[in-house]
Ligand code: 6AU
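Spelled out as structure tokens, the structure:
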């Protein structure tokens with residue numbers, strides 16, 4: 005795929021969305037294509053993980069509805085850390101409703117996601133109205149959206165024609181708000197992209213140890229994702245925050261994944 009042969013820094017010129025540009029700049033500056041998913045029970049623990057891994061990542065991914073102690077103060081601190089440690093915040097909300105509903109879910113409620121998350125994601129199943137509903141809120145704020153074109157879990161229905169139509173939906177929406185995909189492969193097929201079109205492919209289901217969990221998750225190595233499948237960002241959760249051995253072990257594990265991800269990226273570029 006042509007995009008995978010171009011360095012992150014040189015792909016900035018293909019983007020207009022401020023979040024896409026910021027992600028590519030951070031990846032280049034910090035030499036990291038690692039996103040850490042902090043799926044822990046409390047906001048307090050999440051901040052502890054973020055302080056440990058922040059220097060090694062381009063992105064911190066949250067599921068803010070998991071935290072039993074969610075408060076605006078948590079968001080304030082997360083945003084402060086994102087500036088101090090130089091990363092983008094991705095709320096993995098997986099919106100999946102009609103445009104009107106998702107625009108309310110994105111802007112309002114307890115979480116007010118659009119006010120703090122640089123990036124969020126959505127399923128394509130409702131049709132293009134979901135993009136329009138989210139864009140109405142997020143685009144004026146410079147936020148970005150990823151569509152789920154494929155999933156890492158066993159038996160996923162997001163395959164074949166669904167994946168292709170998801171790509172087409174993003175393409176039809178234009179590239180000011182939809183900046184890429186959650187996928188296991190380059191879904192922006194080389195024969196389908198237009199001149200100057202560039203998408204960020206982010207792949208979850210990454211682990212250097214286990215091959216999966218008991219609930220259908222499936223893991224591949226950073227090299228399999230980045231070299232074999234052309235992913236731009238690798239997303240790691242339990243493989244990092246779940247490592248045994250305390251604070252230093254989590255720091256070291258994040259650094260290990262950063263190095264693996266970056267080495268794979270350099271291999272792909274032919275360095
Ligand atoms: O590394 P894990 O298995 O502990 O965590 C993977 C994280 C979780 C999932 O909600 C998320 O990645 N995820 C997603 C995303 C990012 O949208 C899609 C998918 O197909 N598989 C997946 O695991 O927070």
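In UniProt numbering, the protein residues as written are 5 to 275. C-beta: ideal position from N, C-alpha, C; glycine also.
At a threshold of 7 Å, residue 215 does not count as near ligand 1, since its beta carbon sits no closer than that to any of the ligand's heavy atoms. Between residue 226 and residue 173 a beta carbon distance of about 29 Å is seen, past the 8 Å cut, so the two are scored as non-contacting. By the neighbour-count criterion, in which a residue is buried when 16 or more other Cβ atoms sit within 10 angstroms of its Cβ, residue 193 is exposed.
Straight across, the Cα-Cα distance linking residue 247 with residue 216 is about 15 Å. Shortest gap from the CB of residue 275 to any heavy atom of ligand 1: 7 Å or more. Of the other Cβ atoms in all chains shown, 16 or more fall within 10 Å of the Cβ of residue 125; this residue is therefore buried. The stretch 158–189 is shown to contain whole beta strand (DSSP E) runs of 3 or more residues at 182–186, in chain order. Just so you know, the alpha carbons of residue 259 and residue 57 end up roughly 8 Å apart. Just so you know, the alpha carbons of residue 229 and residue 236 end up roughly 8 Å apart. A straight-line Cα-Cα distance of about 23 Å links residue 263 and residue 203. Only residues of its own chain outside the window of five on either side were considered, and among them 200, 201 and 202 have a CB closer than 8 Å to the CB of residue 18, listed in chain order.
With contact defined as three or more Cβ pairs closer than 8 Å, the stretch 47–57 and the stretch 26–33 are not in contact. In terms of CA proximity to residue 153, 182 leads the group 182, 102 and 145.
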